[in-house]
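**Student:**
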Amino acid sequence: MSDYSSLGDVAGKRVLVRSDLNVPLDGTAITDDGRIRASVPTIKALADAGARVVVTAHLGRPKGAPEDRYSLGPVAARLGELLGADVAFATDTVGDSARATVDGLADGQVALLENVRFNPGETSKDDAERGAFADELASLADAFVSDGFGVVHRKQASVYDVAQRLPHAMGALVSTEIDVLRRLTVDPERPYVVVLGGSKVSDKLGVIDNLLDKADKLLIGGGMVFTFLKAQGHEVGKSLLEDDQLDVCKAYLQRAEESGVQILLPGDIVVDTTFPSSDVTPDPRVVPADQIPADALGLDIGPASGADFAAALADARTVFWNGPMGVFEVPQFADGTRAVAEALTKVTDQGGLSVVGGGDSAAAVRALGFDEAAFGHISTGGGASLEYLEGKELPGITVLED
Ligand code: ATP
């Protein structure tokens, strides 16, 4: 559990909370508010304790300058609804509006600062530039609570440097996320199965290195599949492919064989000749994984593979799943993701631990209508959880332990 006692009595104190409020938007409409809901308990606990809560967060990937489409304005409104209290919104992060907004807070009130990534200092690789921005952020508060799990793997001003400048503590969300990840790494109950998919292939290949020593089975779907299939000598048409990772995939397949870890690749693939777009009606076809036509793209694992993956998960006691099995946003390519989600709910029913990690994977299970309670844990951070499982140090956690 998180512990704010190191901060002393927070009543009347200005507490800066780094949350992860990076939600998908359609214009100004929030299409999945999972990360906002996950951030509420820490903010509420501090407000209830009488703190003046100053929330800082990012949205999207602005390039160090304000951009309307990345404004946190819509998020402030939703956060207020979920808290059942007004959230004062500052139209800048550390400027006149931020200072006036923070000065105007009474005990127990909450403010949200505009997108922290509108400031080049936030993500700067230059320690001095980042530090100067962290000084400005720190000047708005008396204490810092780190609760943005989705960003703890980033050495950024609002995650890392600000913690060096203020008395600090871990928030409830980060604390829960780390507890669950620890259960996956320290003596997990077996069989331990990991399912990987999604589109950020090279980001995720690193985790396989570590998992080959830990997991009993590795199921691979999503955009990752095609680099593995190509590494096995098959043609993959126009599917997502990372040519420079072929040798890495070959080496993993070889190591898995030597160490007795099962890497399960799909035997059939749902293909189409165009990448899904609103202008073209999907025309899905199922083909064997070793016969993808030259003009086709693989967009989901096929029905036989969905059943194979579910069977491979049937006796699992611990499962970590990151990355959808296909382009689940389009109904014709969502069945593989649905099959895996369904299988995870059965693991939960049987008393095992099922963890869904990653913004898109979490959004996928909600979009497909699954009840969040059907999973042991839905993580808010894909990159952060993978880096933890890779055994990498997370700067945003290390800095809190100092
Ligand atoms: P995050 O990194 O945001 O936490 P995540 O780790 O859950 O998210 P990503 O790696 O970002 O997942 O991948 C999600 C995306 O992968 C989805 O938008 C989905 O459409 C896409 N995807 C899945 N399969 C394929 C495929 N075969 N080809 C192309 N894209 C795919």
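Numbering (our numbering), first residue to last: 22 to 423.
Just so it is clear, CB atoms sit at the ideal spot from N, CA and C, and this is done for glycine as well.
The ligand ATP and E350: does the residue's C-beta get closer than 7 Å to at least one heavy atom of that ligand?
**Tutor:** Numbered from 1 along the sequence shown, position 329 holds the residue referred to as residue 350. Result yes, Cβ under 7 Å from the ligand ATP.
**Student:** Taking the straight line between their C-alpha atoms, what separation do you get for G379 and Q353?
**Tutor:** Counting from one through the sequence shown, the residue named residue 379 turns up at place 358. Counting from one through the sequence shown, the residue named residue 353 turns up at place 332. Their backbone Cα atoms lie some 22 Å apart in a straight line.
**Student:** By how many angstroms is the C-alpha of F330 removed from the C-alpha of G417?
**Tutor:** Numbered from 1 along the sequence shown, position 396 holds the residue referred to as residue 417. Numbered from 1 along the sequence shown, position 309 holds the residue referred to as residue 330. Each residue's Cα considered, the two are about 35 Å apart.
**Student:** Give the straight-line distance between the Cα atoms of S92 and V201, rounded to the nearest whole angstrom.
**Tutor:** Locating residue 92 in the sequence shown gives position 71, where the first residue counts as 1. Locating residue 201 in the sequence shown gives position 180, where the first residue counts as 1. Taking the straight line from one Cα to the other gives about 32 Å.
**Student:** Tell me the rounded alpha-carbon separation between Y25 and G48.
**Tutor:** Residue 25 sits at position 4 when you count from the first residue of the sequence shown. Residue 48 sits at position 27 when you count from the first residue of the sequence shown. For Y25 and G48, the distance between alpha carbons rounds to 37 Å.
**Student:** For A32, tell me which candidate among A78, G129, S60 and V348 has the shortest Cα-Cα distance.
**Tutor:** Stepping through the sequence shown from its first residue, residue 32 is reached at position 11. That would be G129, whose Cα lies nearest to the Cα of A32.
**Student:** Which same chain residues, not among the five before or five after R99, have their C-beta less than 6 Å away from its C-beta?
**Tutor:** Translated into positions along the sequence shown, residue 99 becomes position 78. Result list for R99: I51, D54 and I57, in chain order.
**Student:** I'd like the span of the beta strand (DSSP E) that includes K238, first residue to last.
**Tutor:** Counting from 1 along the sequence shown, the entry for residue 238 is found at position 217. Annotation: the continuous beta strand (DSSP E) that includes K238 extends over K238 to I241.
**Student:** Does the ligand ATP have a heavy atom nearer than 7 Å to the CB of P95?
**Tutor:** On the sequence shown, position 74 is the one that residue 95 refers to. No - the ligand ATP has no heavy atom lying nearer than 7 Å to the Cβ of P95.
**Student:** Which word fits G219, buried or exposed, when buried means at least 16 other C-beta atoms lie within 10 angstroms of its C-beta?
**Tutor:** The count along the sequence shown starts at 1 and reaches residue 219 at position 198. Counting Cβ neighbours within 10 Å, G219 comes out buried, since at least 16 surround it.
**Student:** Mind checking who N343 pairs with in its DSSP beta bridge?
**Tutor:** For the purposes of this step, residue 343 is identified with residue 322 of the sequence shown, where counting begins at 1. Bridge partners of N343: L217 and G378.
**Student:** When burial is assigned at 16 or more other CB atoms within 10 Å of the CB, is D289 buried or exposed?
**Tutor:** Your numbering for residue 289 matches position 268 in the sequence shown. Buried is the call here.
**Student:** Where in the segment 298–325 do unbroken runs of the beta strand (DSSP E), each at least 3 residues long, occur, reported from the N-terminal end onward?
**Tutor:** 306–309 and 318–322
**Student:** Give the range of the alpha helix (DSSP H) segment to which L267 is assigned.
**Tutor:** The residue labelled residue 267 in the question sits at position 246 within the sequence shown. Here the alpha helix (DSSP H) through L267 covers L267 to S280.
**Student:** Using C-beta distances below 7 Å, list every residue in its chain close to A119, excluding the 5 sequence neighbours before and after it, in chain order.
**Tutor:** For the purposes of this step, residue 119 is taken as residue 98 along the sequence shown, with counting starting at 1. Contacts found: A111, D113, L134 and L161.
**Student:** Out of curiosity, what's the CA-to-CA distance linking Q371 and S280?
**Tutor:** By 1-based counting over the sequence shown, the position of residue 371 is 350. By 1-based counting over the sequence shown, the position of residue 280 is 259. About 28 Å.
**Student:** Select from S60, M245 and D311 the residue whose C-alpha is nearest the C-alpha of G227.
**Tutor:** One-based indexing of the sequence shown puts residue 227 at position 206. It is M245 whose Cα lies nearest to the Cα of G227.
**Student:** Cβ-heavy atom distance between G169 and the ligand ATP below 7 Å?
**Tutor:** Taking the first residue of the sequence shown as 1, we reach residue 169 at position 148. False, no ligand heavy atom lies under 7 Å from that Cβ.
**Student:** Does the count of Cβ pairs from the segment 356–363 and the segment 251–258 closer than 8 Å reach three?
**Tutor:** no
**Student:** What do you get for T339, buried or exposed, if any count of 16 or more other CB atoms within 10 angstroms of its CB means buried?
**Tutor:** Within the sequence shown, residue 339 is the residue found at index 318, counting from 1. Buried, because 16 or more other Cβ atoms sit within 10 Å of the Cβ of T339.
**Student:** First and last residue of the alpha helix (DSSP H) that includes R432?
**Tutor:** Residue 432 falls outside the range modelled here, since the chain spans only 22 to 423, and no answer is possible.
**Student:** Less than 8 Å between the CB atoms is what I'm expecting for D19 and L261, so what's the real figure, rounded?
**Tutor:** The chain is shown only over 22 to 423; residue 19 falls outside these bounds and no answer can be derived.
**Student:** So is G373 in contact with chain D if we call contact Cβ pairs under 8 Å?
**Tutor:** The structure shown contains no chain D, having only a single protein chain.
**Student:** Counting only runs that start and end within the segment 33–79, where is the beta strand (DSSP E) found for 3 or more residues in a row?
**Tutor:** 35–39 and 73–77
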